[in-house]
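Single-structure report; data block below.
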Amino acid sequence: MIRFSMLLAALILGFSASSAQSVMNVPEAQDWGTIRLPKELYVEAEVPIKNDAKSGMLKILEVKPGCGCTKTDPDKTELQPGETAKVKIRLNLTSSQGGPQVKTVTIRALHNVDTIVKIVYLKVNLERVLTIGPSTFVSFNDAAVGAESVSIVTIENPSALPVTVNKLTVDGDIKADLVDGSVIAPHSKKEVRISLTPTKPGQIYGSVKFTASGNGADEEFLLPAYGTVTKVASK
Numbered sequence: 013m014i015r016f017s018m019l020l021a022a023l024i025l026g027f028s029a030s031s032a033q034s035v036m037n038v039p040e041a042q043d044w045g046t047i048r049l050p051k052e053l054y055v056e057a058e059v060p061i062k063n064d065a066k067s068g069m070l071k072i073l074e075v076k077p078g079c080g081c082t083k084t085d086p087d088k089t090e091l092q093p094g095e096t097a098k099v100k101i102r103l104n105l106t107s108s109q110g111g112p113q114v115k116t117v118t119i120r121a122l123h124n125v126d127t128i129v130k131i132v133y134l135k136v137n138l139e140r141v142l143t144i145g146p147s148t149f150v151s152f153n154d155a156a157v158g159a160e161s162v163s164i165v166t167i168e169n170p171s172a173l174p175v176t177v178n179k180l181t182v183d184g185d186i187k188a189d190l191v192d193g194s195v196i197a198p199h200s201k202k203e204v205r206i207s208l209t210p211t212k213p214g215q216i217y218g219s220v221k222f223t224a225s226g227n228g229a230d231e232e233f234l235l236p237a238y239g240t241v242t243k244v245a246s247k
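Sequential numbering from 13 applies to the sequence shown in the working numbering.
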């Protein structure tokens, strides 16, 4: 009998929690699909928040964006049954990104005494003129004072058109064997050797920046370098 009562109570609580969650109607995801990296380096959308309850006001307590997102306040925070609020969400992008990107926005609301929390996934697939691997960051994990440290980056042209590297700049303490005006042939890869010979301990700063042209609109690429020099090379 005790076990039956405990099971019944658990079922009632589970049903109550499920019913409370269904009161706030928000999309599971905002998906911008596959796009080229926009020049303004962000995408925007309005996310609807609806009160699907038969009775009782839904009060929006918080709209919390994850890393890489910004938002505005909802156009209203107190929703009667059937009413909908809208909040503008911006997903910030960088010139080093490519491929699928996923971030989240957490929405918290109150209906009667029930607190409701839902997560909206923000998705976009960035199609780039070139793809960079194994990462869009250049890492120097074992750099030592007085010794050359090397990182290899692979640039791939997945299209059927040649792509030219223009406006190449290499900043900071690093060097790269990529040449301004280099042409990446269709369906081919090019390995770029990025090197550093530290003269003192500390943080590593630098970047490789260039524009790729020849397949649609020009695109900018930024490969930041990072790492910490903490030791002196052994002789």
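Glycine included, every Cβ here is placed at the ideal spot set by N, Cα and C.
Going along the chain, which residues of its own chain have a beta-carbon closer than 7 Å to the beta-carbon of residue i, five neighbours each way excluded?
i, result
"L73", "R120, A121 and L122"
"D192", "V177, N178 and L180"
"A65", "V35, P93 and H123"
"D189", "V204 and R205"
How about residue i and residue j: do their beta carbons lie closer than 8 Å?
i, j, result
"Q42", "N63", "no"
"L53", "S107", "yes"
"I216", "L142", "no"
"K161", "N227", "Here residue 161 turns out to be Ser, not Lys, going by the sequence shown. For S161 and N227, no; Cβs fall outside 8 Å."
"I144", "G110", "yes"
"I47", "V114", "no"
"K83", "V75", "yes"
"L234", "L138", "no"
Less than 8 Å between the CB atoms is what I'm expecting for residue i and residue j, so what's the real figure, rounded?
i, j, result
"V175", "V220", "That belief does not hold up - the Cβ atoms of V175 and V220 are roughly 16 Å apart, past 8 Å."
"L70", "V35", "6 Å"
"V117", "V165", "About 32 Å; that fails the 8 Å criterion."
"V129", "P39", "With a Cβ gap of about 15 Å, V129 and P39 do not count as contacting."
"I186", "G218", "4 Å"
"F152", "G214", "The pair is not a contact, with the Cβ atoms about 12 Å apart (cut-off 8 Å)."
Specify the secondary structure class of residue i as computed by DSSP and reduced to three states.
i, result
"Q33", "helix"
"D183", "strand"
"K115", "strand"
"R140", "coil"
"K51", "coil"
"K62", "strand"
"K100", "strand"
Take residue i and list the residues in its own chain whose beta-carbon comes closer than 8 Å to its own, dropping the five residues that flank it on each side.
i, result
"K212", "V157 and V241"
"E56", "K100, I101, R102 and L103"
"Q33", "I128 and K130"
Let me know if residue i comes out buried or exposed under the rule of 16 or more other beta-carbons within 10 Å of its beta-carbon.
i, result
"N169", "buried"
"L134", "buried"
"P4", "Residue 4 is absent from the model: the chain starts at 13 and stops at 247."
Leaving out the 5 sequence neighbours to the left and right, which residues in its chain are closer than 6 Å to residue i when beta-carbon positions are compared?
i, result
"S207", "E160, V162 and K187"
"G184", "Y217 and G218"
"K202", "I167 and I196"
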